[in-house]
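Engineer: Numbering (full-length UniProt numbering), first residue to last: 1 to 178.
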């Protein structure tokens with residue numbers, strides 16, 4: 001995971017923690033160990049795909065990154081309300097991230113959003129999991145690490161065998177890539 005992807009995951013997690021009604025917030029997919037830790041909201045990394053941005057052989061490596069974040073909401077409900085409760089929680093998750101101006105500033109955009117509902121078992125408890133996957137797009141640049149950057153040149157010249165001739169000096173600054 002790139003550092004930029006980790007920052008995006010952190011930003012999403014901070015926004016999701018503001019959704020009321022959860023007892024536990026996690027940055028992984030695992031179910032909580034304690035029975036009283038429900039409902040739980042988790043945000044986690046699923047995958048990151050980096051595709052070339054521009055010409056492959058022109059300049060430093062640049063990529064268009066697609067990051068898939070998973071958000072899982074697991075809660076208890078009465079038998080007749082499991083699916084409706086999970087759908088409501090999925091809608092709350094989508095509203096929180098899709099409508100967040102601060103999150104939208106972190107990325108270029110959303111390329112896809114998918115959701116699903118599952119019913120994981122945990123003993124005799126009736127649980128419903130709403131899972132939403134967000135695929136977001138952002139860009140990264142990977143400038144080379146050059147310990148001796150060429151910043152410019154100083155040139156001094158004079159005719160050979162004429163140490164007493166005045167020197168001609170020039171200085172060139174090398175423009176650096178932004």
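Note that CB positions come from ideal geometry on N, CA and C, so glycine has one too. No experiment lies behind these values; they were computed from the predicted model shown.
1) With a 10 Å radius around its C-beta and 16 neighbouring C-beta atoms as the bar for buried, classify residue 42 as buried or exposed.
2) How about residue 158 and residue 167: are their beta carbons less than 8 Å apart?
3) Beta-carbon separation of residue 102 and residue 135 under 8 Å?
4) Label residue 74 either buried or exposed according to how many other C-beta atoms from any shown protein chain fall within 10 Å of its C-beta, with 16 as the threshold for buried.
5) Just to confirm the assignment, what range does the alpha helix (DSSP H) spanning residue 173 have?
6) Looking at the C-beta of residue 146, does it have a partner C-beta in chain C at a distance below 8 Å?
7) Alpha carbon to alpha carbon, how far is residue 154 from residue 175? Give it in angstroms, no decimals.
8) Compute the distance between the beta-carbons of residue 65 and residue 2, then report whether it is under 8 Å.
9) Can you give the Cα-Cα distance for residue 86 and residue 97, rounded to whole angstroms?
Structural biologist: Taking the coordinates as given:
1) Numbered from its first residue, the chain shown carries residue 42 at position 42. Buried is the call here.
2) Within the chain shown, residue 158 is the residue found at index 158, counting from 1. Within the chain shown, residue 167 is the residue found at index 167, counting from 1. Cβ atoms of residue 158 and residue 167: closer than 8 Å.
3) In the chain shown, the residue the question calls residue 102 occupies position 102. In the chain shown, the residue the question calls residue 135 occupies position 135. Going by C-beta atoms, residue 102 is not nearer than 8 Å to residue 135.
4) For the purposes of this step, residue 74 is taken as residue 74 along the chain shown, with counting starting at 1. Per the 10 Å Cβ criterion, buried.
5) Translated into positions along the chain shown, residue 173 becomes position 173. Careful: residue 173 lies outside any alpha helix (DSSP H), inside the beta strand (DSSP E) at 168-173.
6) The chain labelled as chain C is not found in the depicted structure, where only one protein chain is given.
7) For this step, residue 175 is matched to residue 175 along the chain shown. For this step, residue 154 is matched to residue 154 along the chain shown. Taking the straight line joining both Cα atoms gives about 15 Å.
8) On the chain shown, position 65 is the one that residue 65 refers to. On the chain shown, position 2 is the one that residue 2 refers to. Contact flag set, yes.
9) Position 86 of the chain shown holds residue 86. Position 97 of the chain shown holds residue 97. Roughly 17 Å between the two C-alpha positions.
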